[in-house]
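Chemist: Got a structure for you, questions after.
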Amino acid sequence: MTNQYGPMATAYFAFKSMIFFPSKREALNGLIAYLESSNPQSPLLTEAKRFVEDPSELEFDFNRMCIGPYKLLVAPYEAVYRSGNHVINTDETVEVADFYQQIGLVIDDQFNEPADFIGNELEFLYCVHALASEQRQADNLDAAHELDAMADEFVNKHLGLWINPFCEGIKQHASLNFWREFATELQLFITKQLHE
Numbered sequence: 001m002t003n004q005y006g007p008m009a010t011a012y013f014a015f016k017s018m019i020f021f022p023s024k025r026e027a028l029n030g031l032i033a034y035l036e037s038s039n040p041q042s043p044l045l046t047e048a049k050r051f052v053e054d055p056s057e058l059e060f061d062f063n064r065m066c067i068g069p070y071k072l073l074v075a076p077y078e079a080v081y082r083s084g085n086h087v088i089n090t091d092e093t094v095e096v097a098d099f100y101q102q103i104g105l106v107i108d109d110q111f112n113e114p115a116d117f118i119g120n121e122l123e124f125l126y127c128v129h130a131l132a133s134e135q136r137q138a139d140n141l142d143a144a145h146e147l148d149a150m151a152d153e154f155v156n157k158h159l160g161l162w163i164n165p166f167c168e169g170i171k172q173h174a175s176l177n178f179w180r181e182f183a184t185e186l187q188l189f190i191t192k193q194l195h196e
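Here it is as structure tokens:
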């Protein structure tokens, strides 16, 4: 992974890659590279390096908490936290999908997760920051500012509203310290952006 789109896009790419591909070395190495450049004192960096040779255990623990096949210990969906009745595919899910469509993103029908899956929300924010970076490089500053404002609005109206209970759930239910540290790092990263 490169830093070609700047530190925000790099961070979102590292976080979303671990959600989507927790057992892939490329995802783990991307997270390590991000942490080495942004937060070399992070306990997550130490934990991540422990799994470089075989990250498969990371996927088992993440799936046990967030995917199933049994009862979800930690729901990875915005609607569950915001609807008040612990269901998925609600009005919140539709609102999230509407944000994606503003930059031309749609959820692939073959992908079995709703728009408000944590990985999708992180992916969207990665895309918005990458596009903003491209617009800055092309000297289209108005477009870059619009994209930055879209990212801020999304964090404040969506991801920022449920990142705390999601990350607290990970900290409570993770078997591996890696995921507790991942949740701590992700929670801090997102909450720093609220109302900025």
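Quick note on numbering: this note's numbering labels position 73 of the sequence shown as 73, and the sequence is numbered without any gaps.
Where a beta carbon is used, it is the ideal one built from N, C-alpha and C, also for glycine.
1. Need the endpoints of the alpha helix (DSSP H) that V80 sits in, please.
2. Taking the C-alpha atoms as reference points, what is the distance between L141 and A130?
3. Do you know offhand how far N156's Cα is from M150's?
4. Over what stretch of residues does the alpha helix (DSSP H) that includes H195 continue unbroken?
5. Indicate the three-state DSSP secondary structure (helix, strand or coil) for F111 in the structure shown.
6. Using CA coordinates, which residue listed in E78, R64, E185 is at the minimum distance from D116?
7. Just to confirm, are V23 and P55 a CB contact at a threshold of 9 Å?
8. Using C-beta distances below 8 Å, list every residue in its chain close to A174, excluding the 5 sequence neighbours before and after it, in chain order.
9. May I ask which residues mark the beginning and end of the alpha helix (DSSP H) holding D152?
10. Take N177 as the anchor and find which of R50, P40, Q41 has the nearest alpha-carbon.
11. So what does F117 bridge to, in DSSP terms?
12. With 16 other CB atoms within 10 Å as the buried threshold, where does V94 fall?
13. What number of angstroms, rounded off, separates the C-alpha of Y5 from the C-alpha of Q137?
14. Anyone know if the C-beta pair for L31 and S17 falls short of 9 Å?
15. How is I32 classed by DSSP in three states: helix, strand or coil?
16. Please report how far the alpha carbon of L122 lies from the alpha carbon of A27, in whole angstroms.
17. Could you name the residues of the same chain whose beta carbon sits closer than 7 Å to that of H86, not counting the 5 residues immediately before and after it, in chain order?
18. Return the CA-CA distance between M1 and L194, expressed in angstroms with no decimal places.
19. Our contact map puts G169 next to F20 with C-beta atoms below 8 Å; I'd like the distance itself, whole angstroms only.
Modeler: Taking the geometry as given:
1. 78-82
2. Using only the alpha carbons, I get a separation of about 14 Å.
3. 10 Å
4. Per DSSP, H195 belongs to no alpha helix (DSSP H) and is neither H nor E.
5. coil
6. Among E78, R64, E185, the Cα nearest to that of D116 belongs to E78.
7. The displayed chain sequence assigns Ser, not Val, to residue 23. Yes; because the gap between Cβ atoms is below 9 Å, this pair is in contact.
8. Correct list, in chain order: D61, M65, R180, A183.
9. 141-154
10. R50
11. Y77
12. exposed
13. The alpha-carbon atoms of Y5 and Q137 are separated by roughly 9 Å.
14. yes
15. DSSP places I32 in helix when its eight states are reduced to three.
16. Taking the Cα positions, L122 is about 14 Å away from A27.
17. The answer, listed in chain order, is V80.
18. At M1 the pLDDT is 46, less than 50, meaning the model places this residue with poor confidence; the figure from the coordinates comes in the next sentence. Answer to the nearest angstrom: the Cα atoms are 26 Å apart.
19. 19 Å between Cβ atoms; not a contact.
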